[in-house]
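The block underneath contains the structure these notes are about, expressed in structure tokens.
Chains as they are written, first to last, in my numbering: chain S, 76 to 224; chain B, 442 to 497.
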């Protein structure tokens, strides 16, 4: 894997990952959480991502860090997906940003790292016309589902 | 549910990522709970791609 990522750590369960963004605004702790969930009798994991608020210890999903490292952060999130699905190869991972703009960032991140992702993962996007489709670059999606090949 | 999934964990490739006890469990964080609930609502309404349900 050749993604340009931050180094990240995993919790004992491999459901929680943490890394540190480092840029002009300083160091910011980022958390990626894979939450087990069930819809219609089907188990999957929801990818959640946000900044750790050092004062509250809670996640702040709408924080805007502006640390000029967007691509590296997206690549790091992608790397955690690859790591997580290596440990849980039979599960699906769902991802949707907190805002349409953030969902678009996931799309940009998948596209930018497609050469690393495509050989390993089935990636589907939910299109505006209400259907899941295999991921294609330059298409806007509302949400994503991935699974190990 | 998780225990069943844990049994299926891949043993083929050891991870290069270190597990760290200082990475806490964020399963009870309100943000992640809310996000997971929202995902369930979306998937119960819109379903899953059939292709993923039939793949191993």
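Glycine included, each C-beta is placed from N, C-alpha and C at the ideal position. The model shown is predicted, which means the values in this text are computed figures rather than measured ones.
My output table needs one value for residue i: the three-state DSSP class, helix, strand or coil.
i, result
"residue 143 of chain S", "coil"
"residue 452 of chain B", "Unreliable positioning characterises residue 452 of chain B in this predicted model, as indicated by a pLDDT of 47, which lies under 50. A coordinate reading is not provided."
"residue 220 of chain S", "strand"
"residue 198 of chain S", "strand"
"residue 190 of chain S", "helix"
"residue 463 of chain B", "coil"
"residue 181 of chain S", "helix"
"residue 499 of chain B", "It is not possible to answer for residue 499 of chain B, since the shown part of chain B is limited to 442 through 497."
Can you name the residues of chain S whose CB is closer than 9 Å to the CB of residue i?
i, result
"residue 487 of chain B", "201, 205, 206, 207, 217 and 218"
Whole angstroms is fine: what's the gap from residue i's alpha carbon to residue j's?
i, j, result
"residue 123 of chain S", "residue 133 of chain S", "13 Å"
"residue 220 of chain S", "residue 130 of chain S", "33 Å"
"residue 142 of chain S", "residue 103 of chain S", "9 Å"
"residue 196 of chain S", "residue 151 of chain S", "16 Å"
"residue 174 of chain S", "residue 218 of chain S", "11 Å"
"residue 424 of chain B", "residue 162 of chain S", "Residue 424 of chain B cannot be examined here, being either before or after the span of chain B that is shown, 442 to 497."
"residue 84 of chain S", "residue 108 of chain S", "12 Å"
"residue 473 of chain B", "residue 144 of chain S", "23 Å"
"residue 476 of chain B", "residue 92 of chain S", "16 Å"
"residue 64 of chain S", "residue 125 of chain S", "Residue coverage of chain S in this structure runs from 76 to 224, which leaves residue 64 of chain S outside it and unanswerable."
Taking Cβ-Cβ distances shorter than 7 Å, what residues in chain B pair up with residue i?
i, result
"residue 144 of chain S", "Going along chain B, no residue has its Cβ under 7 Å from residue 144 of chain S, so there is no contact; the nearest lies around 20 Å."
"residue 93 of chain S", "464"
"residue 106 of chain S", "467"
Using a C-beta to C-beta distance shorter than 9 Å, which residues of chain B count as neighbours of residue i?
i, result
"residue 171 of chain S", "476, 479, 480 and 483"
"residue 110 of chain S", "467, 468, 473, 474, 476, 477 and 480"
Residues of chain B with CB closer than 8 Å to the CB of residue i, please, in chain order.
i, result
"residue 139 of chain S", "Ordered by position in chain B, no residue passes the 8 Å Cβ test against residue 139 of chain S, which lies about 15 Å from the chain."
"residue 133 of chain S", "470, 471 and 472"
Which residues does DSSP pair with residue i in a beta bridge?
i, result
"residue 117 of chain S", "S:114"
Requested in this report: Spell out a yes or no on whether the region 76-93 of chain S and the region 153-173 of chain S are touching, meaning 3 or more CB-CB pairs, one atom from each, closer than 8 Å.
Outcome: Judged by Cβ distances under 8 Å, the region 76-93 of chain S makes contact with the region 153-173 of chain S, as three or more pairs qualify.
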